[in-house]
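Following: one structure in structure tokens, then a few remarks.
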Amino acid sequence: MARFIFITGGVVSSLGKGLSAAALGSLLEARGFKVRLRKLDPYLNVDPGTMSPYQHGEVYVTDDGAETDLDLGHYERFTDVSCRQSDNVTAGRIYSHVIARERRGDYLGGTVQVIPHVTDAIKEFITSDLTDEDFVLVEIGGTIGDIEGLPFVEAIRQLGNERGRDHTLYAHVTLVPYISAAGELKTKPTQHSVKELLSLGIQPDILLCRCDREIPEDSRRKLALFCNVQPDRVIQALDVDTIYDVPIAYHDQGLDEQVMKHFGINKGREAEVELSRWSDIVGTVRAPEGEVTIGVVGKYTNLLDAYKSLSEALSHGGIANKVRVNLNWLESEIFEQGDTLQHLEGCDGILVPGGFGERGAEGKINAVRFARERRIPYFGICFGMQMAVIEAGRSLAGMPNAGSTEFGDCEEPLVGLLTEWSRGNVVERRNEDDDLGGTMRLGAYPCRLRPGSRAAEIYSNNSEIRERHRHRYEVNINYMKRLEDAGLVFSGMSPDGELPEIVELPDHPWFVGVQFHPELKSKPFEPHPIFTSFIKAAVDQSRLV
Ligand code: GLN
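Taking our numbering, the leading residue of the sequence shown gets 927, the next gets one more, and so forth.
Listed below in structure tokens is the structure:
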């Protein structure tokens, strides 16, 4: 039977619970166990798909088309798991499920209550869709003490009771801040947070204490004493210079060893931890052989969580080429006024990432034109591909009024709303006035590559690939001939030939637009080939100047 590890957070948000869960998952995998990682989000949206990136950061999309929390990105990047729809749930989804059952009469006249009906639905979610996992790591979003989180905390308390303490572990991630006036690290916030957790019926087994300097032995003992945790289960989680060092740092502090002890596991095979792949990556990150600068022209550039997977994938491309990748985040609207394109001059590569809505779109199109004319490597992802096609339409194919219907009616709709497409044998349909939530083309779809193209070369001459999507609009194939005549090559298409997936300009050092999101499938150990190729082109570009 699977063992459950529940990860809660205390004191403040943004302590990196997701990364902690992912790192522990990778340590358990390194010991030979099969893991699963799940996230429970206490907000009332059914999923994060309708939330602004300013509110929530990036929406991470799984192969099976779930729009999920960005922590699932950490889980996939740090472990071998492939996350599914059933790995992320929100209070909104739980409540809508309970209310739908109530309407159907499933509760047979009973009064529907948070305990037991909502907590039962949460427990059902946590324990469903499992096969032969050794460990299920369940992260609870938010901070202990939040009103919204209470049903989730209650549900995991009940599970601890039902499954037995030898099958459940509670890890609490807290902050041990340094107060400069006192010249000391303070344990009181952690004590209070654990007290709060205890008042909800949960005694943590392990404390993961985030800190910016070493926790002295006496403070560790104090934490152990007041929080009722064994001293060697007060794990110091010191800030690190690269996230790839987190599994190593946690291992050095004995995290996985303490997890093994808690569950009473001492089998030989499982005690061996193979961490050299992490230290190799940390070594490359700390001692790069060069550096490149990529200009990322987007809309949410002051909130880097909005582009989490993208910045990770770019750094993976750097690891593959042994270079540091400096990211120059540029707000696209600046390229709509006057002579501002010089901001792009020092860039070795220009990238326009995914995006929604008209604001800043013209600035992105101007950035594409700059990259094309100056022969700087250009990488367009989703919206960035759509803007590249519009730019090619306007500048190369003689369609000055080319645009996207995402911004309203236009004379030459090179990019238009997709209302019907096929997924395997199933035809999916959408209407203009459908709900916004969950109605995009989502998840992994196949794409056929044109032999001899740059795309085919990047993907090692595979004829068909699968990549993840999240968009409502598509490049309109009625314009394909005119665009191809003007020099834009459609090097990747959906198998039915209806949906353009990749475009490229052969007469350019590196100019590729993709309708999908390759950043969602890049891992530090397996950098995505498009990012590896783009960063290589940027390295070549940096040698030119
Ligand atoms: N807004 C565009 C669409 O819906 C692009 C979406 C994206 O970049 N993810 O098609």
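C-beta atoms are modelled at their ideal positions from N, C-alpha and C, and glycine is treated no differently. As the structure is a computational prediction, the values presented were derived from the model and not from experiment.
Return the residue from the list the options that minimises the CA-CA distance to residue i.
i     : options                       : result
G1221 : L950, G1031 and N1252         : N1252
I1260 : Y1096, G1289, G1281 and P1450 : G1289
E1445 : V1278, D1046, E1215 and P1435 : V1278
T988  : V1079, K1447, L963 and E1262  : K1447
I1391 : I1456, C1137 and C1308        : I1456
G951  : L1414, P1103 and R929         : R929
C1187 : H1093, V1099 and C1308        : Inspection of the sequence shows that residue 1187 is occupied by Lys rather than by Cys. The option with the nearest alpha carbon to K1187 is H1093.
S1379 : M927, S1012, G1439 and C1308  : G1439
By DSSP's criteria, residue i is part of a beta bridge. Which residues make up the other side?
i     : result
N1014 : K965
I1480 : It is not possible to answer for residue 1480, since the shown part of the chain is limited to 927 through 1471.
I1141 : DSSP, once it has assigned bridges, lists no residue as partnering I1141.
N1252 : T1219
H1395 : G1369
A1163 : R1136
Hey, how far is the Cα of residue i from the Cα of residue j?
i     : j     : result
F959  : A949  : 14 Å
E1337 : R1320 : 12 Å
F1442 : Y1371 : 9 Å
L1368 : R1396 : 5 Å
G1209 : G1243 : 15 Å
V1062 : V1007 : 11 Å
A1284 : V938  : At residue 1284 the sequence reads Glu, which differs from the Ala that was named. The alpha-carbon atoms of E1284 and V938 are separated by roughly 36 Å.
N1228 : G1272 : 20 Å
I1020 : A1381 : 42 Å
G1090 : R1147 : 27 Å
L953  : H1177 : 7 Å
L1472 : M977  : Given a span of 927 to 1471 for the chain in the structure shown, any question on residue 1472 remains unanswerable.
F1437 : L1270 : 16 Å
V1218 : E955  : 33 Å
E1238 : Q1467 : 21 Å
R1295 : T1116 : 53 Å
E1122 : G935  : 11 Å
F1460 : G1224 : 18 Å
V1166 : R1469 : 31 Å
A1318 : D1060 : 52 Å
I1066 : G1180 : 23 Å
I1052 : R1300 : 53 Å
I1245 : S1119 : 39 Å
A1017 : P1450 : 32 Å
Given a threshold of 16 other Cβ atoms within 10 Å of its Cβ, counted over all protein chains shown, does residue i qualify as buried or as exposed?
i     : result
K1114 : exposed
D1058 : exposed
Y969  : buried
R1029 : exposed
P1326 : exposed
I1073 : exposed
E1050 : exposed
T1365 : exposed
K943  : buried
A925  : The structure shown does not extend to residue 925, since the chain is modelled only from 927 through 1471, so no value can be given for it.
Handout entry: Segment contact, 8 Å Cβ cut-off, at least three pairs: the segment 1308-1317 with the segment 1368-1378
Key = no
Practice task
Take every Cβ of the segment 1289-1308, pair it with every Cβ of the segment 1428-1436, and state whether three or more of those distances are shorter than 8 Å.
Solution key: yes
Exercise for the section: Pair every Cβ in the segment 1200-1214 with every Cβ in the segment 1165-1176, then say whether three or more of these pairs are closer than 8 Å. Expected result: yes
Problem - Inter-stretch contact at 8 Å, needing at least 3 Cβ pairs: the segment 1149-1165 / the segment 1110-1129 - result: yes
Handout entry: the segment 1033-1046 touching the segment 969-980, judged by at least three CB pairs closer than 8 Å
Key = no
Problem - Inter-stretch contact (C-beta, 8 Å, three-pair minimum) for the segment 1017-1028 and the segment 996-1005 - result: no
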